[in-house]
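Counting from 213, one number per residue, gives the positions in the sequence shown under my numbering. Every residue gets a Cβ at the ideal spot worked out from N, C-alpha and C, and that includes glycine. Everything numeric in this text was worked out from a predicted model, so none of it was measured.
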Amino acid sequence: MLRAEGPVQEVHLPRGLKVWLVTRYEEAKVALTDPRISKNILAGSHVFERHSPPDADRRMFDQALTVHMLNMDPPGHTRLRKLVTKAFTARRIELMRPRVEEIAADLIAKMADGTEVDLLEDFAFPLPITVICELLGIPIDNRDEFRAWSNTLLSYGTQEQIAHAGAAMAQFLFEHVDRIAAAEPTDDFFSALVHADDSGDRLDRNELVSMAFLLLVAGHETTVNLIGNAVLALLRNTDQLQILKDRPELIAASAEEFLRLEGPVNIATFRYTTEPVELGGVTIPAEELVMVSLIAANRDPERYADADKLDVTRDARGHVAFGHGIHFCLGAPLARLEFDVALTALLKRFPGIELAAEPETLAWRDSTLIRGLLTLPVRLS
Ligand code: HEM
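Written out as structure tokens, the structure is:
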């Protein structure tokens with residue numbers, strides 16, 4: 213409704229925070245690339261809501277979890293992104309396919325015909341978290357802890373709850389980084405990053421912890437919900453499910469349509485203005501928050517015909533579910549690979565999969581950033 217009224221509007225979020233909400237595709241792309249609309253949280257922290265002076269947990273959070281590329285503009289962003297770009301190209305990521313397939317096969321082997329399971333818990337969550345933990349060299353036994361911390365960080369918790377979860381995560385990651393720094397260098401991605409200095413550059417301890425934090429959270433809070441949202445959309449649109457069952461070779465490309473329609477980070481991404489910016493006929497004053505709604509942009513009827521409809525054969529490329537411009541998702545090739553492997557394996561083994569609850573009764577995560585279900589009960593066959 214807001215999008216129909218205009219591309220940019222002043223709105224107030226549930227806890228009272230005022231933001232400028234961008235809802236149309238063209239304006240969203242401009243907002244994501246205009247250098248006057250900044251991602252530099254460190255310089256702009258006064259713009260963000262803070263109720264009380266930082267306590268010890270908050271200081272730990274600020275110092276150790278915020279110095280990552282998604283919180284920076286160039287040149288800081290350019291420097292950090294350059295150090296990891298090579299490891300995430302589509303070609304490098306494709307080399308991980310056999311391992312991702314093995315992880316998916318192991319998870320599927322544990323699920324039995326005729327049973328009812330929470331597909332998020334038993335499949336969509338463990339797959340990406342295992343992959344990203346292996347990439348970072350983090351023992352998988354800690355994954356339930358991360359999940360709890362990370363859920364708190366991305367939800368409407370109190371400032372104290374968020375800072376507390378952040379501090380616990382930071383503490384854990386400091387120990388992890390120190391352990392890798394003390395060990396002999398290996399060819400593994402994260403070891404190479406900790407010991408890197410071939411370009412004359414290396415990350416300091418806080419930067420390493422922040423990088424690990426960003427990859428860990430971005431690497432699992434997202435793909436789990438891409439898989440979950442896609443399976444739900446298919447179970448609610450069985451004609452579309454049938455198309456993918458008949459032609460599994462379409463699954464890889466259909467990822468773009470699920471990202472467009474039900475992308476996991478689709479609700480919004482934040483930035484702030486460093487000077488007054490005119491956007492979509494509205495002047496946003498300096499030092500104000502801008503919230504770009506990727507889901508509204510991706511369903512803009514000016515950009516996509518029948519935009520609210522799932523069409524797995526649509527060419528949905530050009531969506532902004534992975535962002536746009538310099539912050540375009542670093543993990544996009546990995547997310548696409550995981551989606552392809554997960555859906556292909558699932559539909560092959562359980563072509564008779566069905567929803568085990570009324571769609572209206574399913575509960576969604578309480579978050580401004582993440583669009584994802586709390587549980588996805590399905591019956592397998
Ligand atoms: C950035 C979405 C998976 C790592 C982003 C952004 C979006 C996004 C929208 C840009 C945010 C902005 O501009 O404000 C997604 C979606 C995913 C996904 C929808 C899955 C379906 C992943 C994975 C990883 C990852 C698997 C890591 C392994 C990153 C990183 C950035 C990023 C590091 C920051 C890039 C930069 O600042 O230059 N992602 N992501 N993402 N994503 Fe993803």
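Between residue i and the ligand HEM, is the CB less than 8 angstroms from at least one heavy atom?
i, result
"F540", "yes"
"T342", "no"
"G537", "yes"
"A255", "no"
"F482", "yes"
"R293", "yes"
"A533", "yes"
"P513", "no"
"K298", "no"
"K201", "Outside the shown range of the chain, which is 213 to 593, sits residue 201, and nothing can be said about it."
"L427", "yes"
"M281", "yes"
"E550", "yes"
"P476", "yes"
"T486", "no"
"A544", "yes"
"T434", "yes"
"L471", "yes"
"L585", "no"
"H224", "no"
"A302", "no"
"L244", "yes"
Would you grab the beta carbon distance between residue i and residue j for me? Rounded to a whole angstrom, and I think it's under 8 angstroms.
i, j, result
"I374", "L385", "Not quite, the Cβ-Cβ distance comes to about 16 angstroms (not below 8 angstroms), so this is no contact."
"L581", "L522", "About 23 angstroms; that fails the 8 angstroms criterion."
"P589", "A569", "5 angstroms"
"H200", "D269", "Missing from the structure shown is residue 200; the chain here goes from 213 to 593 and no further."
"A533", "L506", "6 angstroms"
"Q221", "L214", "6 angstroms"
"H388", "I350", "6 angstroms"
"M272", "A379", "4 angstroms"
"A509", "T245", "Between T245 and A509 the Cβ distance is about 13 angstroms, and since that is not below 8 angstroms, they are no contact."
"L585", "L332", "6 angstroms"
"W232", "V436", "So it is not a contact: roughly 30 angstroms between Cβ atoms."
"R291", "D458", "Actually they do not touch by this definition, with Cβ atoms about 48 angstroms apart."
Along the chain, where does the beta strand (DSSP E) that runs through residue i open and close?
i, result
"F482", "T481 to T485"
"D330", "E328 to D330"
"K230", "K230 to V234"
"T495", "V494 to I496"
"E490", "V489 to L491"
"L501", "L501 to V504"
"K310", "This sequence places Pro at residue 310; Lys is not what is there. No beta strand (DSSP E) contains P310, which is instead part of the alpha helix (DSSP H) from R309 to A321."
"E222", "V220 to H224"
"V590", "P589 to R591"
Going along the chain, which residues of its own chain have a beta-carbon closer than 6 angstroms to the beta-carbon of residue i, five neighbours each way excluded?
i, result
"S555", "Per the sequence shown, residue 555 should be read as Leu rather than Ser. Result list for L555: I463, in chain order."
"G564", "S593"
"F335", "L319"
"I341", "R355 and H432"
Return the chain-ordered list of same chain residues with a C-beta closer than 7 angstroms to the C-beta of residue i, the five sequence neighbours on each side being excluded.
i, result
"A498", "T485, T486, E487 and P488"
"S317", "Contrary to the premise, residue 317 reads as Ala rather than Ser in this sequence. Closer than 7 angstroms at Cβ, skipping near neighbours: A557."
"F562", "L592 and S593"
"N418", "Q275, A276 and V279"
"H344", "Residue identity differs from the one stated: residue 344 is Ile in this sequence, not His. Same-chain partners within the cutoff: L427, L428, G431 and H432."
"A467", "R548, F551 and D552"
"T434", "P476, V477 and A547"
"E566", "L447, V590 and R591"
"L339", "I315, A316, L319, E550 and A554"
Please work out which residues of its chain come closer than 8 angstroms, Cβ to Cβ, to residue i, disregarding the five sequence neighbours upstream and downstream, and give them in chain order.
i, result
"T278", "I253, L254 and S422"
"T327", "R591 and L592"
"A395", "S403"
"I479", "S505, L506, I507, S579, T580, L581, I582 and R583"
"S250", "G256, D285, R483, Y484, T485 and T486"
"R293", "M281, I538 and L542"
Would you give the residue range spanned by the alpha helix (DSSP H) that residue i belongs to?
i, result
"I392", "Q371 to A394"
"V429", "R417 to E433"
"H280", "Here H280 belongs to no alpha helix (DSSP H), and DSSP marks it neither H nor E."
"E570", "Segment: none, E570 is in no alpha helix (DSSP H) and carries neither H nor E."
"K457", "T450 to D458"
"K298", "Run containing K298: none; DSSP gives neither H nor E here."
"P338", "P338 to L348"
"L546", "A544 to R561"
"F401", "F401 to H407"
"F534", "Careful: F534 lies outside any alpha helix (DSSP H) and carries neither H nor E."
"V242", "Y237 to T245"
"L473", "I463 to E474"
"S579", "Run containing S579: none; DSSP gives neither H nor E here."
"D356", "R355 to L365"
"A216", "L214 to E217"
"I305", "A302 to E306"
When every heavy atom of the ligand MG is checked, does at least one fall within less than 8 angstroms of the C-beta of residue i?
i, result
"K241", "What this structure holds is the ligand HEM, not the ligand MG."
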